[in-house]
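Heads up, the thing below is written out as structure tokens.
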Amino acid sequence: MREDPSFQRDDFVRERFSGVLPPQEGRPSRAKLFWRRQRRLVRPAIVFLVVMGIAGAGIRLLYDAASEERFAPLRARLVEMEPLPIRHIVINGRGMTSEASIQEALGTSVGRPIFGFSVEAARQRLDELPFIDHATVERHMPDTIIITLVERTPIAVWQDRGHFMLINRAGEEVSDQGLTGKNAQAFLQLPLVVGEGANTAAASVIDALNKEPLVKSQVTALIRVGNRRWNATLKDGTTVMLPEGEEAAAFTRLAHYQQSMRLLERPVQSIDLRLPDRMVVHQPPQAAPPPDDTKPDPSSPTPPADSTKQP
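Counting from 1, one number per residue, gives the positions in the sequence shown under full-length UniProt numbering.
Following this line, the structure appears as structure tokens:
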């Protein structure tokens, strides 16, 4: 018995367009099955994204220094609920500031709750320390506090009208409040710059001097002349007159002369390097020769001759 081709065609059409034709009663279509499976996968993903968004917003608010005081009650609740302890305190940029003063200004320590202090208040206290220009304080979950410091490092001692003060590269005074003995010993090695305007012009001439160690080892002071150029004073009191704006080239010449003929150790009064093609060395005035004790002094009276006669 031959099968009716119309039934075969109906089966093919039903199978080919099963997602389009109305489904048979009692059996879900392929499209419905597909979307059911997608809903099972999408629902947990949506819940996960919502939870992560809420958590991220909460963490961001806790990191925001401006929101520190606003969320102080929330921070206190977090400390009560889950007192995450601080295990690491990392300090970057510390050079002259003592670690003890930083810990005191921070207001917390290892072992205490990480949410138990205000990062904004800690930053303000750090900014008030003598050698700190500005500071940042960050919580890094789950157990680390990172402090980053930018210090006002002195590069010279400036003498002006009889007053001595530490200055940084910008020529600004660096307070010596809180100066330790170790710092004071280090500052004795700083160059001395003297005169009006020497503070703001010191950085460039000191940079040039640092490039020539042979010369630097002999220089004790840099004196600003007419707020235009510099004189360098050597250990033995010799004055080196430097050209305006060409200090680096002059120091290079001095280093060459020092290496070849030990010029900076010779007894000279001054060395004039203001002209690029010549050097003028002034010798100290010659001392008067010592008096000769063997010759009689013509100004003294001649003693009388002895007239006593012997018998």
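Glycine is no exception: its CB is placed at the ideal position from the N, C-alpha and C atoms.
Item                                                                                                                                                            : Value
Leaving out the 5 sequence neighbours to the left and right, which residues in its chain are closer than 6 Å to R125 when beta-carbon positions are compared?   : A105
Buried or exposed: M96, going by 16 or more other Cβ atoms within 10 Å of its Cβ?                                                                               : buried
By alpha-carbon positions, which one of H282, L222 and W158 ends up nearest to P267?                                                                            : H282
Can you tell me whether R169 is helix, strand or coil according to DSSP?                                                                                        : coil
How far does the alpha helix (DSSP H) with N227 in it reach, from first residue to last?                                                                        : Note, N227: premise wrong, no alpha helix (DSSP H); not H, not E.
Can you find the residues in the same chain that come closer than 6 Å, C-beta to C-beta, to T238, ignoring five residues on each side of it along the sequence? : V268
Under 9 Å between the Cβ atoms of T252 and L234?                                                                                                                : no
Beta-carbon separation of H140 and I147 under 9 Å?                                                                                                              : no
Could you pull out every residue in the same chain whose Cβ sits closer than 8 Å to the Cβ of D143, ignoring the five residues on either side in sequence?      : L84, P85, I86, R87, H88 and I114
Where does the unbroken alpha helix (DSSP H) through D133 begin, and where does it stop?                                                                        : Unbroken run through D133 is the beta strand (DSSP E), I132 to H140; no alpha helix (DSSP H).
Ignoring anything shorter than 4 residues, give me the alpha helix (DSSP H) runs that lie fully in the stretch 197 to 265, in order along the chain.            : 198 to 210, 213 to 216 and 247 to 261
Work out the CA separation of T153 and Q103 for me, nearest whole Å.                                                                                            : 20 Å
Quick one, are the C-beta atoms of V193 and A135 less than 9 Å apart?                                                                                           : no
What residue range is occupied by the uninterrupted alpha helix (DSSP H) comprising I114?                                                                       : No alpha helix (DSSP H) contains I114, which DSSP labels as neither H nor E.
Quick check on DSSP: helix, strand or coil for S175?                                                                                                            : coil
On the three-state DSSP scale, how would you describe E151?                                                                                                     : strand
Taking S204 as the reference, which of R161, R229, E99 and S98 has the closest Cα?                                                                              : R229
Can you name, in chain order, every residue of its own chain whose Cβ lies under 7 Å from the Cβ of G171, other than the five neighbours on each side?          : N199, T200 and A202
Within the continuous alpha helix (DSSP H) that includes Q159, where are the two ends?                                                                          : Where Q159 is concerned, there is no enclosing alpha helix (DSSP H), although the beta strand (DSSP E) it sits in stretches over A156 to D160.
State the Cα-Cα distance for the pair A248 and N210, rounded to the nearest angstrom.                                                                           : 10 Å
Tell me whether D272 sits in a helix, a strand or coil according to DSSP, three-state version.                                                                  : strand
Which residues in the same chain have their Cβ closer than 6 Å to the Cβ of N231, if we skip the five residues on either side of it in sequence?                : I223, V225, T239 and M241
Taking C-alpha atoms, which residue in V137, M279 and P243 lies nearest to V90?                                                                                 : V137
Under DSSP, the beta strand (DSSP E) around I91 begins and ends at which residues?                                                                              : H88 to N92
Express the C-alpha separation of Q286 and E151 in angstroms, rounding to a whole number.                                                                       : 51 Å
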